[in-house]
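Q: Input: one structure, supplied below.
Residue numbers (my numbering): 4 to 250.
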C-alpha cells in the first residue's frame with residue numbers, strides 16, 4: 004500500500020504492467036528452453052600480487068591439473084619400399100579394426116577428400132592397387148590405398164579406404180592388444196591432418212568388383228575426378244593425376 008491507501012499494483016501504468024507481463028513470459032520461455040539451471044560462466048583467474056603466493060598457486064595448479072603426455076609421441080609412415088619390412092615386423096599381429104563409427108569429421112568426410120589431405124600431410128601411401136596386383140591378390144580384394152604407420156616406435160596402425168571414392172572415412176587397424184586405445188589413436192593421428200586441411204594432387208586406380216570396371220580417381224589440384232578406364236597396365240607403376248582424358 005502507498006500513502007494514499009492505493010495498492011502498488013493499481014498505481015502502475017498500462018505500459019509498466021505490459022512490461023512486467025512480457026518479462027514474466029520471456030523468463031518462462033527461457034526456463035522452458037534451458038531448464039532451471041543457468042550455464043556457469045567460465046572461470047576467471049585473478050592475478051596474485053605477491054610473488055610467493057604466485058609460486059605456491061603455480062605448484063597447486065600443477066598438482067591438481069597435471070600435464071599429461073601425448074598419446075602419440077611419434078609417427079612414422081612406412082614407404083612403399085619398406086612394406087615388406089613392416090609385414091615381417093608385425094607378421095604375428097592379431098589385427099583389430101575400427102570403421103567410421105562416430106560422427107566426427109574424419110568419419111563423415113568423403114574418402115577421396117581425406118585421401119588428398121593424407122597425401123599433403125604424410126605423402127604417398129604405402130600401398131595401392133598397383134602393389135597388390137604385383138603381389139598376385141584377387142581383384143575382389145583390391146583396395147584403393149593403404150597407409151601403414153608405426154606409432155611411438157612400437158604400435159602398428161594401418162589406414163585403408165572403405166569403398167574407394169564412393170564412401171566416407173577410412174578403416175583403421177592396429178594390434179588387438181591396443182583395441183581399447185584404437186579410437187584415441189585414430190583421432191590423435193588424423194586430427195592434425197584435418198586441422199591443417201591442405202589438399203595435395205594425387206591419383207589412384209580403383210576396381211569396382213560389382214561392375215567389373217576400373218576407374219582412375221583422384222584430385223588434380225582443382226577438382227576431384229572419377230573416370231572409367233580400360234584395365235590399366237600395372238607394369239607402368241602408379242598413375243599420375245594428369246592422366247585424365249581432359250588434360
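Each residue gets a CB set at the ideal place from its N, CA and C atoms; glycine is no exception.
All figures in this text were calculated on a predicted structure; none of them were measured in a lab.
1) Roughly how many whole angstroms lie between the Cα atoms of residue 88 and residue 231?
2) For residue 193, collect the residues of the same chain with a Cβ closer than 7 Å to its Cβ; drop the 5 residues on either side in sequence, then sort them by chain order.
3) Please work out which residues of its chain come closer than 6 Å, Cβ to Cβ, to residue 223, disregarding the five sequence neighbours upstream and downstream, and give them in chain order.
4) Where does residue 84 sit, in a helix, a strand or coil, going by DSSP?
5) Which residues does DSSP pair with residue 131 in a beta bridge?
6) Among 202, 83 and 74, which one has its Cα closest to the Cα of residue 155?
7) Just to confirm, is the Cβ distance from residue 153 to residue 94 under 7 Å?
8) Cβ of residue 206 within 7 Å of Cβ of residue 221?
9) Can you tell which of 17, 25, 196 and 237 has its C-alpha closest to the C-alpha of residue 116?
10) Quick check on this structure: which residue in 186, 189 and 218 has the alpha carbon closest to the alpha carbon of residue 168?
11) Confirm, please, whether the CB-CB distance from residue 103 to residue 171 is below 7 Å.
12) For residue 68 and residue 149, what's the separation of their Cα atoms in angstroms?
13) With DSSP collapsed to three states, give me the class of residue 121.
A: Looking at the atomic coordinates:
1) 34 Å
2) 109
3) 204 and 244
4) helix
5) 148
6) 74
7) no
8) yes
9) 196
10) 218
11) yes
12) At residue 68, the pLDDT of 46 sits below 50, so the modelled position is not reliable; the number obtained from the coordinates is stated separately. Cα to Cα, the separation comes out at about 39 Å.
13) helix
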